Every structure is written in structure tokens, then in C-alpha cells.
Amino acid sequence: MRSALFLMSVAAVIALAFWAYRENHNTRQAMIENNALNRDIAALTEAISVQRAEWAYLNRPQRLQELVALNFERLSLMPMSADQFGAIGQIAYPLPEADLSEVIDAGIDVFGDIEFLSETGRTSASEQQP
Amino acid sequence: MIRTPLRPLARILQARQRGENPDHIERENLRLRIEAMRDTARARAESRLLVMAGVFLAGFVLIGAQMALLAATEPMAPTPGRTEAISSERADILDRNGRVLATNLTTHALYAETRHMVDPVRAARELGAIFPDIDAARLERQFTDPNRRFVWVRARLSPEQRQAVHDIGEPGLMFGQRKMRIYPNGTLAAHVLGGASFGEQGVRAAEVIGVAGVEHHFDERLRDPALLDRPLQLSLDMTIQAVVTEVLSSGMRMLGARGASAVIMDPHSGEVIALVSLPDFDPNNRPPPPTEGEPADSVLFNRAVQGYYELGSVMKSFTVAQALDDGMLTPDTMVDTRSPMQVGRFRISDFRNYGPQLSATDVIVRSSNVGTARLAQQIGPQSQRDFLDKLGFLSGVPVELAETLRARPLLPGNWSELSAMTISYGHGLTTSPLQLAAGYSTLVNGGYLVTPTLERQPGRGVGEQVISERTSAQMRYMLHQVVERGTASFARIPGYAVGGKTGSADKPKASGGGYYEGKVLATFVGAFPMDNPRYVIAVTLDEPEDTTGSEPRRTAGWTAVPVTGEIVRRIAPLLDLRPRPASEIEQAMQNALAAAR
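Structure below.
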């Protein structure tokens, strides 16, 4: 009885030692992985901050101003001013004829419909101005 | 300790007399002695066991605590440079909309360890070819000097330069990581941001410290490791700042001014939306402080904050506001404006003669020195001094810039009646444009004190009330009239109800004694929309001259006012202000005035 108990405890010690060794090994492995991940994260954070800096640099007001001046012929962007504000009343109501189902039924010819819409919009806007 | 003998003679003799066996006594004593020994041994073993248990318990508690600690700590994202002994990290600075004003970039510094060098002569020559500004011969001497083991070659390298240095293939040339502070917007808001430079340097990293502006003021907070990933948000709006800078600099160019400044502030919180001082500089490459000439002429000089000037007529509003608040005046009270006015040997006169009397409103609208001086006479020096002190004009205005520490207004040594009169129209007391904007904020916001701030602080309020709501409404009406029909008509921007006051002050001679002829500091300070001011704006131009007319015009009405008008016209739509028809504005102004009465 006693020797069986003794053998069992020895076996238990060996098993525990093996378990402890394996845990230790896994922990070390996890730490190595963790360090590698940390390095990756650090590198990516670094890269993000570079991108952010670059984005801010490319969007600096002075450069945007130059781009606007450079592309004035195509974009004709002007500084915002008070006369660009409009009243709600100046926006044309969609006409009842421009029913969405008809547009969908008519299908593919999108450009025609847009022209049609803007056409009607223009007429009703001009009607509003005395 | 005295051991009890096993066979005490007295008891043995007594036992023998009684005919008992004395061995019993011996056995009895032996038993007691063994029992005592056993008890002490047990007690000792017990205490040992207790200590052992304690040690184990402590061990388990320690392990448990460590596990709990690990489980409870927030996972921390690693950032480069944080583990270094010298922290090179610095939090970003953003504007009020989260756009980047200052951030960091990793670059490399180049140094040489001479004992590792294979061919120092060639290395020096090649470095000279890569960096044209490096003295190759001097570098060669340093590399070959047997007493030197270490040479700093360059503090910052671009990636191309680094590759070129790499291509030399010299093992003794080494790179040290550097964090570089960059300001992606160049000169924009240069005076606010200030600049940064390297502090303590090591091979692996270098400290980045702020040298001026908010970088210096918030240096501790920006470098605080706990706050690194929380950027510092300023109250500035980058777009507004850019537009104001653009308009101001073209105005400055057109009018041939030496310098200019502009402040835009929220009068209900004191948050500074834009703060411009021209000429400016690039904080990425901050110039060294000037060693000669006037410090005020340096590009580093922040005119809006450090520049304390006699600002002239803009100060009249405070005199009139005090008179209104003390109840000695209503906007319609007539004030004696017979010019010139003789005070002792001193003579006060107006730009033009405005006749024998003007209403209080017209004293402001026409900007009459004599009228204001008469009001100051009624108010009295002590009361005027107290009022200006309450508004903060006697002490420097605190704002989060390193430069404000030493900037202080210039006060008259003896606040006499004469100085009270000159101060009433803005001579004899110096004021910074930022201070002026804060003062006008108080005038138009209902009379509450305002402390300017550059840090974004949502929900920040105003200080105590120093003038009544009624006076404030009357001042708003008067300042609106200045623009509608007075000296500042060029600031009339349709739809935006600008109001304000002009000031054209002759510049005092630097040597002291008297004023320059034909050198003017032109100021306009105002607010918009005037029925419920949301922004206060102060613009100054240093020595402007409008030469489009037959003779040069230098007064603020021809210089600072048109520039301000253009600024308001450009920024008001950007500040989400809807233009309103003139009739609506007029109605709102009348309503506000009526409500105040």
C-alpha cells in the first residue's frame, strides 16, 4: 500500500514537472510572439503617423489654394461667399410627371432623365424669380 | 535557568521519614521535566510551521496578486521610442476640427564612431558630396583625429540622404533614430505653435522640447507618457486661420504695411478661432532670435500677443461704456465737442471739427477725441483706472503662449486727470490686440469678462459681469452705427451686420518723446453679427498707407477697415453664418435695444 502511494506520488511529481516545463516553454513562446506583434504594431503605428503627417501635408491650405488656382479652368472654384446661400424656396419641387416608377420603367436612359429633371428645375426656378 | 534537581534532598528525607520510596519522587520529577521539554519542542515546531505557512501564504498571495494585476491591466499598444531611457515622444497638436497642426516623424541622425571606420578620408569626401553644406576638410580632420572616438555629423537626414550615406558602405557611419516635430501646414499659425527643438540627445533617441508658443506652454503635457495618444486640441480653426492669413497678408502688401495682426475670438467662451501675426516664419525651421535691431521687428515677434501698442480711438468705446454703465449718459445725451479743448498746456483736438456738440452715439460714430475726453473728465481718473483694471487692461492678458509671460502693458506713472483724458481715446496706455479683442468681447457679450484661451474647451463659459446687459446692448447698437454711417463704412458687409470701432494711433518714437509724423498704427476691432455677436475680430496694421487717392491715406477707415471687411466677407460663410436681409438685421438690432431699455 505504502509503496503504491510512493510510486503514485513520484509519478505525480514527474507529471507536474512535465506540465510545468511545457507551460514554461509555451509562455516563452507566447512572449516571443508578443514581442514580434509589439514590434509589428509599433511599425504600423509609425507608418500610420507618417501617413497622417503626409495627408496633413498634402492637404495644407496653401497647397490646396495653389491646386485651385492651377485647375481654375476645369473646376472654377471660388472662395465661399454670402451670395452662394439660397433660400429653401429657391429649390425647385420635383414635378409630379417625374414619377420615379416611370424613370425605372424607362430604364437605361439615365442621361435623358437627368436633363429632363434639370430642365424642369430651371424653368420652375426662373418662374420664382420675378 | 535553575533546573529542579531530580532528587531534592529535603523531600527525600521527608519521604524516608514517612517510609515512602524516594524513587517515586525522582520518577515524578523526571516525568515533569520530560513533559516540559516536550511542550517547548512542540511550541517551537508549531511556530516554525506557522512561519512556513506564512511564507507559503505570502508566496501564493504574491502570485495571485500578480495574476490579478495582469488580468486587470489595460493592454497597452506599444509605440516606438517609449522604452527608451530618453523619451522622444510628443503628443500631436490638432485644430478644433481635428486637423493636424503638429505631429512627429521618424528621421535619422548621422554620427560616426571613428574606431570602426575603415577609410575615414574617403567617408569624409563622400559625405561632402552628399551634403554640400558640410565642410569635408573639417570632417576629415575630425574623423582622423586619434583623440576623437565619436563625431555627430548631422541631426536630421531625409530618406534619400540616408540611403546615399548607406551606399558609402562605411561601417563607422551610424544612424540614430530621431523623432522630428513637423508642422505640415508650414507657416500657418506659426506664432501660436512656436516650434520645437532637440533637448537631451542620446545615440538612440533625442528629447523633443517645445521652445515657444503652445509647444512651450504645454511642454509637460505634450511629453506626459500617459497622455501621448491624446492629442492636444487647440481652439484654432485651421481653415479660418488660413483665410485670415491670406487676406491679411495681401492687405498688408497692398497697403505697404510693415506688419499686421488679426485675432478672431468667440466672445461667449474666449476661445481664439484665429490668431495671425505677420510677417511670420516656418516653425519647421524656426529662425534664431535676432541679435540686433528691434525685437519687435523680428518675424518671431507675435504682434497680436506680445505687441503692446497705444491703439488710439478703439479705446473710446470703453470710456463711453463706462459712462453709460454709471448712468451719467444715454446714447442720445449731447456731449460738448468744441475743438480744440485746452487742458493746462495740453491741447486736445479732433481730426475734423464736429461742431459744438454731438450725441454720445455720434461721439463714437464720428470718433471725437474731445467728446471722449470730456466724458473721461466726468468719470474721473480713479474710477476710469478701476474700470480698466476690472477689464484686465492694467495687467497682461493670460493666454497659453510662452511669449505672454513677459509682455505687460505700459501704464502712466501718475494717473492724472490729463492721462485719464488721453487714455480715454487710447493714448498713454498700451494694449495688445488680443487684450483688445477680449475687452470688446466683454462689451458685446452682455458685459461678462472674457479670458482668451487657445485650448479647445467645450462648454467654457465667461467670467463675472462687469457691465450691465443694457449697456452692452447700447454698445452693440453704437458699434453697429459706426459701420453703418461712421468711420468704418468699408466694413459694411451685406448680410452680416458688422459693428466695431476704428483706431488710428500715431506711433510713438522709439527713442521716446513725441510721436512720428505720418506713421500710424491702424486698428479695427469689431464683432458680427451685431444683434447677437458670435465672433469678435481685431485687426491691426503697422504703418499702412493707402496710395490710391490723391494723397496718402493712413487712417484705419481706409486701411484696417477694408481688410477687416474682406476677412469677414470671406470667413462668415465658413463660420456657418447665414446672410440676412438688411431689414431683418435692422429689426433685430431695434428689438435688442428695446429689450435692453
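Heads up: the sequence lines are chains D and S, in that order.
Count the first sequence with UniProt numbering and you get residues 1 to 130, in order.
Count the second sequence with UniProt numbering and you get residues 1 to 597, in order.
Each residue gets a CB set at the ideal place from its N, CA and C atoms; glycine is no exception.
All values derive from a computational prediction rather than experimental measurement.
Whole-number beta carbon distance between residue j and residue i, since they are thought to touch under 8 Å
| i | j | result |
| --- | --- | --- |
| Val-276/S | Gln-306/S | That pair is no contact at about 14 Å. |
| Phe-318/S | Gly-439/S | 7 Å |
| Leu-401/S | Asn-302/S | 7 Å |
| Val-263/S | Leu-434/S | 5 Å |
| Gln-177/S | His-116/S | 19 Å between Cβ atoms; not a contact. |
| Gly-270/S | Ser-441/S | 7 Å |
| Gly-312/S | Tyr-425/S | 7 Å |
| Phe-393/S | Pro-381/S | Contact flag wrong, Cβ pair sits at about 14 Å. |
Within chain D, partners of residue i - CB distance below 8 Å
| i | result |
| --- | --- |
| residue 601/S | Because residue 601/S is not part of the residues shown, which for chain S are 1 to 597, the question remains open. |
| Pro-573/S | Met-80, Ser-81, Ala-82, Gln-84 and Phe-85 |
| Pro-287/S | The premise fails here: Pro-287/S is roughly 19 Å from chain D at the closest Cβ pair, so nothing lies under 8 Å. |
is_contact[residue i, chain S] using C-beta, thresh 8 Å
| i | result |
| --- | --- |
| Ala-30/D | no |
| Tyr-57/D | yes |
| Gln-90/D | no |
| Pro-61/D | yes |
For residue i, the residue or residues it bridges with in DSSP
| i | result |
| --- | --- |
| Pro-508/S | Tyr-515/S |
| Ile-93/S | Ala-102/S and Leu-232/S |
| Glu-113/S | Phe-150/S |
| Asp-297/S | Bridge partners of Asp-297/S: none, in fact. |
| Leu-275/S | Val-263/S |
| Glu-33/D | Its beta-bridge partners do not exist; DSSP assigns none. |
| Ile-209/S | Ser-197/S |
| Asp-542/S | Gly-259/S and Leu-521/S |
| Leu-173/S | Ala-112/S |
| Glu-455/S | Leu-234/S |
| Leu-358/S | Val-335/S |
| Gln-465/S | Tyr-448/S |
| Ile-182/S | Thr-103/S |
| Lys-501/S | Val-525/S |
| Phe-346/S | Val-343/S |
| Arg-553/S | Asp-546/S |
| residue 607/S | Residue numbering for chain S in the displayed model covers 1 to 597; residue 607/S lies beyond these limits and cannot be assessed. |
Close-in-space but distant-in-sequence residues of the same chain around residue i (CB under 6 Å, 5 per side omitted)
| i | result |
| --- | --- |
| Glu-566/S | Val-247 |
| Met-238/S | Asp-95 and Arg-99 |
| Ile-585/S | Ala-497 |
| Ala-594/S | none |
| Gly-256/S | Glu-545 |
| Thr-144/S | Pro-120 |
| Ile-88/D | none |
| Tyr-309/S | Thr-430 and Leu-521 |
| Asp-350/S | Ser-339, Ser-368, Asn-369 and Val-370 |
Min CB distance residue i to chain D below 8 Å
| i | result |
| --- | --- |
| Asn-185/S | yes |
| Val-100/S | yes |
| Thr-239/S | yes |
| Ala-491/S | no |
Same chain only: Cβ atoms within 7 Å of residue i, ignoring 5 sequence neighbours per side
| i | result |
| --- | --- |
| Gly-112/D | At Gly-112/D, the pLDDT of 49 sits below 50, so the modelled position is not reliable and the matter cannot be decided from this model. |
| Leu-173/S | Leu-110, Ala-112, Ala-123 and Val-165 |
| Leu-7/D | none |
Same chain, Cβ closer than 8 Å to residue i, five either side skipped, listed in chain order
| i | result |
| --- | --- |
| Phe-528/S | Ile-493, Tyr-496, Ala-497, Val-498, Gly-499, Arg-534, Tyr-535, Ile-537, Val-568, Ala-572 and Leu-577 |
| Asp-280/S | Thr-187, Ala-190, His-191, Thr-245 and Val-299 |
| Phe-150/S | Tyr-111, Ala-112, Glu-113 and Thr-114 |
| Arg-374/S | Val-335, Asp-336, Thr-337 and Met-341 |
| Leu-222/S | Arg-90, Ala-91, Ile-93, Gly-210, Glu-215 and Leu-232 |
Partners in chain S for residue i, counting only beta-carbon separations shorter than 9 Å
| i | result |
| --- | --- |
| Glu-73/D | Neighbours of Glu-73/D on chain S: none; closest Cβ ~21 Å, over 9 Å. |
Chain-ordered neighbours of residue i on chain S, where CB pairs are closer than 8 Å
| i | result |
| --- | --- |
| Pro-79/D | Val-243 and Arg-570 |
Where residue i meets chain D, residues with beta-carbon distance less than 7 Å
| i | result |
| --- | --- |
| Arg-204/S | The contacting residues do not exist; Arg-204/S stays about 14 Å from chain D at best. |
| Ile-537/S | Those do not exist, as Ile-537/S stays about 16 Å from chain D at its closest Cβ, beyond 7 Å. |
| Ile-182/S | Ala-53 |
Where residue i meets chain D, residues with beta-carbon distance less than 9 Å
| i | result |
| --- | --- |
| Pro-231/S | None at all; the shortest Cβ gap to chain D is about 10 Å. |
| Gly-495/S | Ala-82, Asp-83 and Phe-85 |
| Leu-188/S | Arg-60, Pro-61 and Gln-62 |
Contacts that residue i makes with chain C (C-beta to C-beta distance below 7 Å)
| i | result |
| --- | --- |
| Pro-579/S | No chain C is present in this structure, whose protein chains are D and S. |
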